[in-house]
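Novice:
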Amino acid sequence: MFDLQENLLSWVIFLPIAGIGILLALEAAGRIFMSRRLSDRSWRVAGMGFALGNFGLSLMVWQRFDPIDGGLQLVERSAWIPDLGIQYYVGVDGISLFLVVMTGFLLPVTLLASWTDIASRVKQYVFFMLCLQTGMMGAFLSMNLFLFYLFWELMLIPMYFIIGIWGGPRRLYATLKFFIYTMAGSLLMLVGLLVIYYLNAQQFGFLNFDYIGYGGASGIIDTLIPTAGAPWWQTQFWLFLVFGLAFAVKVPMFPFHTWLPDAHVEAPTPGSAILAGVLLKFGTYGFIRFAMPLFPEAAVELSGLVFGLGVAGIIYGALVAMIQQDIKKLVAYSSVSHLGFVMIGLFAMNLQGLEGALLQMVNHGISTGALFILIGMIYERRHVREISEFGGLAKVMPVFATFFLIATFSSIGLPMLNGFVGEFLILLGTFAAAPWVAVLATTGVILSAVYMLWMYRRVFFGPLTNEANRGLLDLSAREKIVAVALTLPMFWIGIYPASFLRPMDAAVSELMRTMEQRGADIASHNGGQSALASLPAETPGRVSWLREPDASAEAAE
Amino acid sequence: MTAPDLDLGAVAPLCVVAVGAALMPLLDVLLGRTKTFLSRPVTAAWAGTVMSLATTGVLSIALVMCFDAAGAAPRTFNRDHPMILMDGMTSFLNIVILIGSLLTALASGKFLADLAINRGEYYALLLAAVLGMMLLVASTNLMMLFVGLELMSIPIYAMAGFRRDSLRSNESALKYFLVGSFASGILLYGTALIYGATGTLSLLEIGARFDVDDPVLLIGSGLLLVGLAFKIATVPFHQWAPDVYEGAPTLVSGLMATTVKVAAFGALLRVFQMAFGPIDDLLYPALWVMAVLTMTVGNVMAIIQQNTKRMLAYSSVAHTGYLLVGILVGTQVGISAVLFYLLAYTFMTLGAFGVVAVLAHAGRERERIADLAGLANSRIFLAAVMTICMVSLAGIPGTAGFMGKFYIFRAVVEQAIATESSSLLWLAVIGVLNSAISLVYYLRVPMVMFMREPEPGPEPDRSGTFEGLVLAVCAAAVILLGIWPEDLNLILTRVDVLHWASVASASP
Amino acid sequence: MDVALVAKTLFIFAVIMLVFAPLMTWVERKQSALMQDRIGANRADIFGITAIGLIHPVADVIKMITKEDVIPAGAHRLLHTLCPLIAAVPAAISFAVIPYGGSYSAWGAHWSLVVADLDYGLLYVFAIGSIAAYGTVLAGWASNSNWGMLGSLRASAQMLSYEVAMGVSVLGIFMVFGSLRMTDIGVGQQETFRLLGFLEHLGWVAPGTRWVDWVTIPAWGIVLQPLGFFMFLAALMAENKRPPFDTPEGESEIVAGYFIEYSGMKFGLFFMAEWIEVVVIAGLMTALFLGGWSLPWISDQELIGWLSVPFGPNLANLLAMVVNVSVFFVKLCFMIWVQQILRWSLPRFRYDQVMHLGWKILLPLSLVNILVTAILILLVDELAS
Amino acid sequence: MEIPVGHYQFVAAALFMIGVVGMLVRRNVIVMFMSIELMLNAANLSFVAWSRLWDSIDGQIFVFMVMVVAAAEVAVGLAIIISLIRNRDSVNIEEASLLKW
Amino acid sequence: MESILFWVFSIAAIGGALGMVGTLRNTVYSALWLVVSMLALACLFIMLNAQFVGLIQIMVYAGAIVVLFLFVVMLLNLTGGVMGAEEQPLLKFVGVALAVAVSLQLGSILLRIELPWPEVSPEYGTTAEIGRALYTDYLLPFEVAGVLLLAAIVAALAMAKRERG
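Chains as they are written, first to last, in numbering that gives the first Met the number 0: chain A, 0 to 556; chain B, 0 to 507; chain C, 0 to 384; chain D, 0 to 100; chain E, 0 to 164.
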């Protein structure tokens with residue numbers, strides 16, 4: 000049961016919370032038997048240890064992952080609430096693999112980055128961070144919808160506290176808004192989930208929450224969800240809307256994004272980093288994992304809407320970011336813009352678009368996380384974030400300026416850095432599906448270069464006008480480690496994306512096959528009509544140069 | 000005159016509680032007179048602890064008996080004229096009631112001492128009320144239902160006013176009393192009309208003889224439901240609840256919000272299942288509206304409350320709404336969902352009231368939500384328990400509250416799909432939207448505790464050993480029920496509507 | 000309307016209201032004089048004839064009626080006037096269920112000597128008695144006087160408290176005789192039971208031994224329920240609020256309690272009520288505990304049977320009736336005398352003592368009495384079967 | 000028995016209505032309390048009449064139980080009122096109502 | 000004869016009830032009106048062959064409950080219109096209107112019921128029969144009623160007893 004080889008994913012998920020358990024037990028034992036408490040420092044160190052262990056385990060997942068296989072790997076499944084068809088069922092595939100690795104990577108980095116920043120209530124901080132990690136890992140790895148839902152909402156609570164306790168002056172408002180927005184969206188999804196659950200039970204005769212069937216049995220994914228001829232609330236269209244709402248709030252897509260600037264600005268540095276780096280990905284992850292395969296017809300029908308909102312988000316986010324005075328807010332709005340890219344990439348529904356979107360999710364996690372952490376470093380020194388407060392920082396903090404520049408470039412999507420690969424693939428895919436959307440989205444790339452570089456110039460170049468900045472110390476050794484750690488993957492992805500794209504390839508192909516199959520099922524059910532039929536079956540212009548030839552050949556089969 | 004055919008074993012747990020209720024005043028007197036046979040008198044605090052432990056003991060014995068009975072075949076006390084039915088559902092509800100009251104009794108010792116209302120009558124009243132509740136959920140006859148209801152209510156009236164030096168407690172008791180008796184009166188007249196229309200008091204026979212076109216019977220049923228609705232505080236019969244909960248001693252409020260509600264719901268379930276089957280269609284729209292209103296009003300009103308107890312009162316109104324949804328569905332899945340929800344609800348509400356009770360030291364009560372500020376710094380244990388309870392009440396996954404709501408909504412959706420009824424689906428949608436509204440006020444409590452600086456003043460009291468135990472049990476149960484509800488399923492599957500049918504043959 | 004019923008009603012009310020109640024004033028004075036070593040009640044005379052003070056009742060009546068009727072300022076006139084009646088009338092009409100003779104038939108007519116032979120006999124008395132409480136409770140309040148108010152409060156508390164003890168202490172009688180009907184109880188008390196019967200049961204003497212049957216005692220209530228007798232008597236006297244239970248009136252503390260503001264015949268009515276109640280109590284005790292109208296060891300049938308030998312059945316019935324009624328009133332007078340003795344020999348209880356006696360002595364004792372009685376009845380049934 | 004059962008029931012319904020209305024419109028606690036008693040009594044009359052109509056003793060037993068309950072309610076209710084008044088006298092009579100009614 | 004009695008008693012019962020609710024001046028009057036109503040009801044009970052219940056009605060309601068009311072009213076000197084609820088006129092108006100409407104509806108329905116009275120055995124409603132029923136069929140409620148009274152005593156004590164020391 001505790002075998003590392005057999006239960007690797009469980010280890011990944013539960014190591015942080017087990018660490019919490021150990022620490023709490025030690026704390027309690029200390030209080031009871033020795034009437035003294037563990038020091039803050041020991042909590043921090045232990046927390047760091049568990050986070051690193053978690054990262055190591057996630058790397059192990061990558062190492063043991065078979066890139067050829069498009070299906071679930073390292074699956075674990077055991078009965079949990081059998082009466083309701085609820086299993087403890089985890090598995091990883093090409094879609095979630097890098098999100099898991101990225102999540103594992105970001106936690107130790109943020110912990111290290113906040114080593115001195117978070118000075119009060121350290122134990123609670125470590126507690127909530129580790130809990131958060133369990134929630135996030137669990138949500139990425141769950142293959143039972145109930146389990147997914149549980150983790151999905153569970154990770155909100157630590158984040159609620161992290162923003163609320165260590166956040167800025169308006170933290171209470173921001174954290175409540177964050178929580179209620181995301182929760183309200185997902186609650187409706189619960190109803191939708193139940194509807195599908197019972198449709199599935201009706202079709203297959205037993206209650207089942209498994210997303211992908213296990214051992215030959217059917218899963219939720221096999222449910223035939225009608226497009227017409229049933230009560231309206233059982234049709235793909237409405238169910239997609241319900242699911243889409245939950246995920247769109249989380250992404251956040253354009254009209255639902257208002258919680259994001261508040262939360263990001265008020266959150267402490269590690270909070271912002273994790274929020275931007277991981278939590279936002281759950282929205283897009285939800286689309287690609289659940290909403291699109293479950294309701295392919297509706298996804299195609301509504302792809303126009305998503306494109307519209309996505310482009311609106313890209314341009315709106317960029318424009319709003321341009322006028323921000325607060326660096327953090329600027330980065331926050333840039334997230335809205337970037338995730339708009341991810342959304343249009345997903346709904347292009349071809350190999351490039353999907354892969355680009357997946358890769359861009361990872362990219363955004365790293366580069367935006369890095370930006371927030373770097374901003375945190377300067378904030379720790381100056382306790383202000385207004386762009387106007389700075390200027391000429393490059394002179395006093397050259398190392399910092401360098402790393403910030405790399406992160407900025409990564410965010411803009413400069414070639415050789417990670418952002419470029421993702422955005423390029425997305426635009427490629429989108430152009431194939433909807434040329435005008437790609438054209439409009441491209442303006443977003445340009446705009447992002449404008450606002451990011453403009454910001455960079457105002458902060459780092461020019462004369463050193465503000466006296467307060469004169470005595471700033473450059474990065475400490477610890478901060479350098481953090482910065483280097485964040486920069487390395489940017490280059491890696493930018494220079495050699497194939498190591499990331501290869502495992503995605505099989506999974507995305509598998510996903511597209513599934514969607515086509517479901518489209519055909521619906522079509523036969525409806526008597527020959529399927530919106531999916533309008534999709535180009537094989538996408539032209541595959542970018543095989545990005546990929547090793549043998550892998551692409553296999554993926555094409 | 001032949002002796003009735005009695006089955007004393009069926010009522011053994013009831014007997015235990017009744018004997019306990021009768022002996023508790025004696026124990027009180029005995030403890031007051033220890034001077035005569037001990038070298039020094041027992042202090043009031045110690046006497047209180049002994050009383051609370053004794054009460055807990057009595058309730059535990061009954062609890063064990065109920066657990067034993069849970070799996071057995073249904074029994075009744077008087078086989079010639081069954082008034083009660085000790086079946087799976089009764090046992091389950093009895094278990095819930097006993098757990099709730101047991102925890103309350105255990106925490107009461109220090110609580111009463113802190114408020115300087117350490118009087119032995121409390122425990123006798125508690126036990127009597129518990130007996131009433133147990134009878135109420137077991138009753139299959141309107142007479143038994145009425146007597147059980149009153150046996151439950153009358154001690155609680157007094158317990159609400161147990162802080163005799165506090166005007167608010169007095170007013171709370173008075174208000175509860177007036178509203179409660181008013182409700183009893185309405186219920187009673189409804190019973191009279193039902194009796195008049197059918198000529199029987201047995202629920203099963205009423206169900207069998209139900210003539211849907213008889214206006215007298217319909218009005219009687221309506222009045223009966225209104226009476227019960229007062230007791231469980233559904234909108235628009237809820238207005239007493241916040242005032243009463245606020246004024247009553249906190250643990251008593253907890254008891255009112257949990258076990259009393261459980262018992263009244265048990266009665267409601269019985270009435271619906273046994274007697275009101277034929278008018279399901281008539282009741283459906285009324286209950287639908289009532290459930291929606293109850294959820295919504297409870298949640299919306301809770302948002303603007305400044306007093307923790309008042310907030311919890313409105314929260315309990317809101318939860319009543321969710322429970323009504325389960326009753327409305329009426330399938331076995333729905334009923335087991337209600338039962339599960341009641342258990343989960345008992346733990347989380349009791350935990351929340353328990354935390355407030357720990358802080359309710361005479362003279363410096365911390366009843367406002369703002370008074371909880373900074374509790375996480377001074378008393379992390381209390382803050383943690385409160386947070387767990389709030390999170391559970393809000394229905395966030397991983398807690399009992401979520402599982403409860405999940406069960407309820409799953410029953411709703413199942414039935415909606417089975418009958419293609421979109422009104423049921425809307426009920427689920429409104430339910431989850433209400434959950435979202437409820438986040439606003441539930442999350443405010445942890446927010447205040449963790450994210451606000453405490454006001455200057457003395458630190459809040461530490462929880463006593465038993466109080467701490469109770470709180471820990473509540474928190475642990477909330478989490479365990481949220482993560483491993485399947486053990487409970489073993490009990491739930493015993494809740495079988497079909498068992499009721501077997502009683503039909505037993506009644507004359 | 001049944002002539003017999005009217006006759007019975009008139010007879011009993013005439014006796015109670017016109018004979019016993021006025022006579023009570025005389026008895027009371029004479030008794031107190033006797034006990035205080037005075038002569039007492041010997042002043043009023045008609046043409047010099049004092050007739051051992053028997054003129055006094057007449058004088059009293061005249062005095063009461065002719066005195067000024069004062070209604071104090073601020074009093075509630077209607078209630079103030081009604082209260083004496085509310086107090087007196089229920090007392091009087093509760094005699095309706097007390098049988099003062101058995102049932103007889105002569106010349107084809109058939110009648111029993113009780114105004115209303117109700118199934119729930121004694122309950123009627125209790126119900127009527129509980130209404131009488133209003134008279135006292137309201138009297139003090141209606142006269143707008145502090146003393147009166149205090150008296151009323153005490154009276155209502157006392158009456159409510161003792162109603163419980165009263166009801167519970169007499170339960171044993173119902174259990175023994177198996178009925179609430181007063182005539183059933185009366186007939187039941189005509190039986191005898193063999194005191195030495197247990198010897199047969201134990202097998203110490205052979206069944207059918209004659210001398211065992213000789214030693215019998217009548218199955219009177221007082222024999223079967225000795226404890227019940229005393230408790231019931233005490234409770235009834237407390238209900239009547241006469242000394243030693245006269246705290247509501249307590250001359251030395253609250254002057255005269257609830258009827259402090261009354262004068263003239265209204266005042267007289269309160270006293271009438273008390274005296275009537277004394278008679279009712281005596282009647283109840285007689286009917287329930289002292290064998291009612293019957294002679295000890297001689298049942299109605301036996302009596303009529305013996306009398307029929309010389310006089311024939313019709314006359315025998317009439318004679319038996321006369322004998323029985325006389326016996327009843329003799330017993331009644333005895334019970335009145337007992338009450339007078341108690342009244343003049345015991346000092347007044349303090350208020351808390353009254354409550355203590357009612358709640359902490361009479362009530363538990365009567366509960367124990369019920370328990371013991373129930374066990375004994377079960378045992379006897381067991382032995383008999 | 001020349002009066003039909005409906006007439007008795009009508010009287011009961013009227014009493015019940017008067018009780019409900021009294022409970023709702025009166026502000027004197029004691030009178031409200033008495034209105035509740037009236038409601039119980041209305042139910043009693045109804046029970047007795049139905050009981051006679053159905054020739055079953057259930058209704059009368061129920062009335063018996065109602066009386067027990069009524070007695071218990073009165074004892075507790077009046078005790079609550081006494082405790083409230085005592086307190087209010089000693090604390091502050093001006094404070095008519097702390098809790099919103 | 001029977002109709003006359005019925006009309007007398009029902010008018011007394013309803014009149015007493017109206018008087019009770021309608022008397023604004025003095026709580027004592029309200030209580031007295033209530034007694035009138037109770038006594039009339041007891042008489043109606045007896046007319047319906049419920050002699051035992053009727054007698055108990057007098058004993059319990061008239062003899063104990065209302066006396067207790069009077070006792071408390073006098074003890075606390077509550078004779079004026081003391082205490083009361085904050086006005087919620089609209090809600091109350093709705094409540095009253097609803098009550099009246101339902102009652103009128105109900106009353107008109109009930110008034111039309113003219114089922115024949117069945118013949119009952121002479122035992123019906125007697126103490127003996129009620130006692131038998133209480134100790135056999137209704138044993139459980141009867142016992143529970145005992146516990147209820149005990150609880151009420153304890154409750155009343157807990158509320159009204161003076162604090163020791």
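In this text, a Cβ means the ideal position worked out from N, Cα and C, and glycines have one as well.
#1: Determine, using beta carbons only, whether V310/A and L471/A come nearer to each other than 7 Å.
#2: Tell me where the beta strand (DSSP E) around G217/C begins and ends.
#3: Considering only their Cβ atoms, is the gap separating G29/A from L37/A smaller than 7 Å?
#4: Taking DSSP as the reference, what is the three-state secondary structure of M454/A?
#5: Using DSSP bridges, identify the partner residues of I45/C.
#6: Starting from Q352/C, follow the beta strand (DSSP E) in both directions and report where the run begins and ends.
#7: Whose C-alpha, out of L122/C, F12/C, S168/C, is nearest the C-alpha of I360/C?
#8: Would you decide whether K160/E is buried or exposed? Buried here means 16 or more other CB atoms lie within 10 Å of its CB.
#9: Under 9 Å, CB to CB, which of the residues in the segment 36 to 51 of chain D have a partner in chain B?
#10: Quick one: any contact between the segment 107 to 126 of chain C and the segment 239 to 250 of chain C, if contact means 3 or more CB pairs under 8 Å?
#11: Just the Cα atoms here: how many angstroms apart are I92/C and G329/B?
#12: Per DSSP, what kind of secondary structure is V502/B in: helix, strand or coil?
#13: For a contact meaning CB atoms closer than 7 Å, what does L179/C contact in chain E?
#14: Tell me, please, which residues DSSP counts as bridged to F192/C.
#15: Can you name the residues that DSSP bridges to R74/B?
#16: So, with DSSP's three-state summary, where would you put S543/A?
#17: Shorter than 6 Å, the distance from the beta carbon of G357/C to the closest heavy atom of the ligand COA, or not?
#18: Within 10 Å of its beta-carbon, does G320/B have 16 or more other beta-carbons around it, so buried, or fewer, so exposed?
#19: Check the DSSP bridge columns for A78/A and list the partner residues they point to.
#20: Run the CB neighbour count on Q324/A, radius 10 Å, all protein chains shown included, and call it buried at 16 or more, exposed below.
#21: Helix, strand or coil: which one does DSSP assign to V91/A?
#22: Checking 7 Å against the spacing of the C-beta atoms, do Y197/A and V10/B come in under that value?
#23: List the endpoints of the continuous beta strand (DSSP E) containing W203/C.
#24: Roughly how many whole angstroms lie between the Cα atoms of M230/C and G198/B?
#25: Hey, would you say V305/A sits closer than 7 Å to F253/A, going by beta carbons?
#26: Can you pull the DSSP bridge partners for S104/C?
Specialist: Well, looking at it:
#1: Numbered from its first residue, the first sequence carries residue 310/A at position 311. Numbered from its first residue, the first sequence carries residue 471/A at position 472. No, these two residues do not count as a Cβ contact at 7 Å.
#2: Sequence index remark: in the third sequence, residue 217/C carries index 218 (1-based). For clarity, residue 217/C is Pro in the given sequence; the question names Gly instead. Its beta strand (DSSP E) spans residues 215 to 217.
#3: Residue numbering aside, residue 37/A sits at position 38 when the first sequence is read from its first letter. Residue numbering aside, residue 29/A sits at position 30 when the first sequence is read from its first letter. Their beta carbons are under 7 Å apart, which means L37/A touches G29/A by this criterion.
#4: Numbered from 1 along the first sequence, position 455 holds the residue referred to as residue 454/A. Note: M454/A maps to helix in three-state DSSP.
#5: Indexing the third sequence from 1 puts residue 45/C at position 46. For I45/C, which the question treats as bridged, DSSP gives the partners I48/C.
#6: Start at 1 with the first residue of the third sequence, and residue 352/C comes out as number 353. Premise fails: Q352/C lies in the alpha helix (DSSP H), 350 to 354, not in any beta strand (DSSP E).
#7: The sequence position of residue 360/C within the third sequence is 361, counting from 1. That would be S168/C, whose Cα lies nearest to the Cα of I360/C.
#8: On the fifth sequence, residue 160/E is found 161 positions in, with the first residue counted as 1. Classification of K160/E: exposed, given that the 10 Å Cβ count is below 16.
#9: E36, L37, M38, L39, A41, A42, N43, L44, S45, F46, A48, W49, S50
#10: no
#11: On the third sequence, residue 92/C is found 93 positions in, with the first residue counted as 1. On the second sequence, residue 329/B is found 330 positions in, with the first residue counted as 1. Cα-Cα distance, rounded: 59 Å.
#12: Position 503 of the second sequence, counted from the start, is the residue given in the question as residue 502/B. Residue confidence is low: V502/B scores 44 on pLDDT, short of 50, so the model does not pin down where it sits. Its coordinate-derived value is still stated next. In the structure shown, V502/B sits in a helix (DSSP, three-state: H, G or I).
#13: Mapped onto the third sequence, residue 179/C falls at position 180. Under the 7 Å cutoff, chain E gives T126.
#14: Taking the first residue of the third sequence as 1, we reach residue 192/C at position 193. I216/C.
#15: Locating residue 74/B in the second sequence gives position 75, where the first residue counts as 1. Paired residues: M85/B.
#16: For the purposes of this step, residue 543/A is identified with residue 544 of the first sequence, where counting begins at 1. Interpretation of S543/A is limited by its pLDDT of 38, a score under 50 that renders its predicted location unreliable; the figure taken from the coordinates is listed afterwards. S543/A falls in the helix class under three-state DSSP.
#17: The ligand COA is not part of the structure shown, which contains no ligands of any sort.
#18: In the second sequence, the residue the question calls residue 320/B occupies position 321. Per the 10 Å Cβ criterion, buried.
#19: Here residue 78/A corresponds to residue number 79 of the first sequence, with the count starting at 1. In the DSSP output, where bridge partners are listed per residue, A78/A has Q86/A.
#20: If you number the first sequence from 1, residue 324/A lands on position 325. Result: exposed.
#21: As a working mapping, residue 91/A is identified with position 92 in the first sequence. Strand, per DSSP.
#22: Position 198 of the first sequence holds residue 197/A. Position 11 of the second sequence holds residue 10/B. No, these two residues do not count as a Cβ contact at 7 Å.
#23: Here residue 203/C is taken as the residue at index 204 of the third sequence, counted from 1. Run containing W203/C: none; DSSP gives neither H nor E here.
#24: The count along the third sequence starts at 1 and reaches residue 230/C at position 231. The count along the second sequence starts at 1 and reaches residue 198/B at position 199. Answer to the nearest angstrom: the Cα atoms are 43 Å apart.
#25: Translated into the one-based positions of the first sequence, residue 305/A becomes position 306. Translated into the one-based positions of the first sequence, residue 253/A becomes position 254. Going by C-beta atoms, V305/A is not nearer than 7 Å to F253/A.
#26: Here residue 104/C is taken as the residue at index 105 of the third sequence, counted from 1. H109/C, per the DSSP bridge assignment.
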